[in-house]
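In what follows, a single structure is set out as structure tokens and then discussed.
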Amino acid sequence: MSVLRTGIGFDIHRLVEGRKLFLGGLQVDFERGLLGHSDGDVLVHALCDALLGAAALGDIGDHFPDTSPRWKDVRSTYILGAVLTMLKRQGLAPAGVDCIIFAEQPKLGQLKHKIKEGLAEALGLDEACVNVKAKTTEGLGGIGGSQAIAAQVIATLSCKD
Ligand code: MG
């Protein structure tokens with residue numbers, strides 16, 4: 013019988029000039045990008061934390077510290093691949109994820125489906141098991157002022173008991 017485990021992840025990164033913007037592994041056409049030790053992909057970071065949380069394996073900073081030159085400018089999708097390998101070793105596999113991207117800019121309505129497709133492929137899941145939502149914060153705070161983008165993810169894993 014399969015047992016389900018659930019984890020939650022959150023991340024926020026600052027939007028700055030001179031960086032490419034990556035969201036959920038997709039390069040998004042925008043004049044600024046997310047500042048970070050890696051590519052700053054806030055959605056993939058929140059996803060990794062949700063997966064690690066469901067597996068009770070700590071957080072992304074435990075395994076991929078931003079003080080290590082090894083992870084400098086690395087694509088976050090590479091980190092996601094490493095997290096999936098860790099899960100597999102524990103007999104765990106993603107069963108479903110639900111994601112929220114909080115961004116005033118760029119507008120993500122047209123991109124949500126592409127991001128979902130990419131995440132489903134990266135996770136080895138049917139698209140019916142992956143959901144991506146985009147929200148603004150109604151102009152409030154740092155996200156509303158387009159200074160940052162945040163993401164929240166809840167992930168469910170199945171494990172063989
Ligand atoms: Mg991060």
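If you read the sequence shown in my numbering, its first letter stands for residue 13, the second for the next number, and so on. Think of the CB as a built atom: it goes at the ideal place given N, C-alpha and C, for glycine as much as any other residue. Remember, predicted model here, so these are calculated numbers, not experimental data.
- The beta carbon of Leu92 is closer than 7 Å to those of Val56, Leu59, Cys60 and Ala134 in its chain, skipping five residues each way along the sequence.
- Contact check between the region 121–129 and the region 151–162: fewer than three CB pairs, one atom from each, fall below 8 Å, which does not count as touching.
- Assignment of Val28 by DSSP, reduced to helix, strand and coil, places it in the strand class.
- Here the region 38–45 makes no contact with the region 73–83; the two share fewer than three CB pairs at distances below 8 Å.
- In the DSSP secondary-structure assignment, Leu64 is not bridged to any residue.
- Nearest Cα to Arg87 within the set Gln102, Cys171 and Val54: Val54.
- Each of Asp23 and His57 has a C-beta closer than 5 Å to some heavy atom of the ligand MG; these make up the full list, in chain order.
- Burial check for Val95: the Cβ neighbour count within 10 Å reaches 16 or more, so the residue is buried.
- Listed in chain order, the alpha helix (DSSP H) runs fully inside the region 82–152 are 88–101 and 124–135, counting runs of at least 4 residues.
- Here Thr168 really is in contact with Leu16; their C-beta atoms are around 5 Å apart, less than 8 Å.
- Asp41 carries a coil assignment under DSSP once its states are collapsed to helix, strand and coil.
- Between Ile127 and Leu46, the C-beta gap is not smaller than 8 Å, which leaves the two residues out of contact.
- According to the DSSP assignment, Thr79 belongs to no beta strand (DSSP E), since it is labelled neither H nor E.
- In the three-state scheme derived from DSSP, where H, G and I count as helix and E and B as strand, Leu59 is classed as helix.
- With contacts defined as CB atoms closer than 8 Å, Ile113 and Val144 qualify as a contacting pair.
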